[in-house]
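In our numbering, the protein residues as written are 26 to 317. Where is the CB? At the ideal position from N, CA and C, for every residue including glycine. Computed from a predicted model, the values in this text were never measured in an experiment. Here is the structure we will look at, set down as structure tokens.
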């Protein structure tokens, strides 16, 4: 009888442990993303963009008004001060300078890719989920961060990287609260070249300033590699993923959190189920002993 009671107590403990293993990862999933790295190719490789063309183009306009000072207007605007004699974006007017954050990134990549003889038509250009679909489908090298401080302290960033800031961690969903810019620091400094409508009054529009999401809380940061400076990447183990089809509107983003949590949930359920079987078996044995 004493052995049976001990076994029942141990089984009850196993059930409790199994339930905890199941519930805790569910909380983890809701808490946000744990940083994960995807190692693949760069944007430059996919577009046929030469690194030096990209960086030299940016350097040549970091201190003039070609981009800087161009008014920010939401929508598909891609006309900087230095090139507004054509309507590059669907919402642009000839002769009117206007850019949003995606429009700035598009124009820089378009000029550098054109100079490299690359594929300008492949550059994502509007505010939907085109960039997300692009880097998922092409397995672009990138890394996920839960905060700006974590990103700046990681050593992952290099000058020219794209930094996406997804509000509410909604990487695969369209939102007016998302933001993107070009990292312009030394790997740790807080510098972003971006078109935005909420810098200080003297810097509204296209400017080089601090990395600032629309909302500080609950933002997912994704650093995307443009150039082929692969030697700057940290030596971490890559995630093994299968990119979803580019034709799906909102394919599920790869998250290390989800992979880990899923394994723990499975372990928890198996533990609870095994404990349940043990309890039932003990009860059956007790009933048999009572009959005899």
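Alpha-carbon spacing of residue i relative to residue j, whole angstroms
i           : j           : result
residue 259 : residue 69  : Any reading at residue 259 must be qualified, since the residue scores a pLDDT of 37, below 50, and its modelled position is unreliable; the value itself is stated next. Whole-angstrom Cα-Cα distance: 19 Å.
residue 250 : residue 169 : 12 Å
residue 173 : residue 236 : 8 Å
residue 84  : residue 207 : 12 Å
residue 99  : residue 61  : 31 Å
residue 252 : residue 194 : 25 Å
residue 107 : residue 88  : 13 Å
residue 239 : residue 215 : 16 Å
residue 217 : residue 198 : 23 Å
residue 171 : residue 196 : 12 Å
residue 109 : residue 211 : 31 Å
residue 118 : residue 139 : 22 Å
residue 67  : residue 229 : 30 Å
residue 111 : residue 223 : 26 Å
residue 219 : residue 153 : 18 Å
residue 105 : residue 241 : 28 Å
residue 121 : residue 190 : 28 Å
residue 148 : residue 202 : 21 Å
Spatially closest choice to residue i from the options, by CA coordinates
i           : options               : result
residue 75  : 185, 155 and 116      : 185
residue 128 : 213, 67 and 221       : 221
residue 63  : 210, 187, 215 and 167 : 167
residue 213 : 119, 91, 234 and 183  : 183
residue 204 : 86, 130 and 105       : 130
Sub-7 Å separation of residue i and residue j beta-carbons
i           : j           : result
residue 192 : residue 200 : yes
residue 246 : residue 176 : yes
residue 164 : residue 65  : yes
residue 114 : residue 101 : yes
residue 82  : residue 137 : yes
residue 96  : residue 123 : yes
residue 80  : residue 144 : no
residue 13  : residue 78  : For residue 13 there is no data in the structure shown, the boundaries of the chain being 26 and 317.
residue 188 : residue 209 : no
Beta-carbon separation (whole angstroms), residue i vs residue j, contact threshold 8 Å
i           : j           : result
residue 93  : residue 231 : 5 Å
residue 248 : residue 181 : 6 Å
residue 103 : residue 132 : 5 Å
Per-residue DSSP class, three states only, for residue i
i           : result
residue 131 : helix
residue 218 : strand
residue 101 : coil
residue 168 : strand
residue 150 : coil
residue 270 : A caution first: residue 270 carries a pLDDT of 31, below 50, which makes its placement in the model unreliable, though a value can still be read off. Coil, per DSSP.
residue 91  : coil
residue 71  : helix
residue 178 : coil
residue 120 : coil
residue 106 : helix
residue 240 : coil
residue 140 : helix
residue 61  : coil
residue 155 : helix
residue 162 : helix
residue 192 : strand
residue 284 : With a pLDDT of 44 at residue 284, under the threshold of 50, the predicted position of this residue should be treated as unreliable, and no value is reported.
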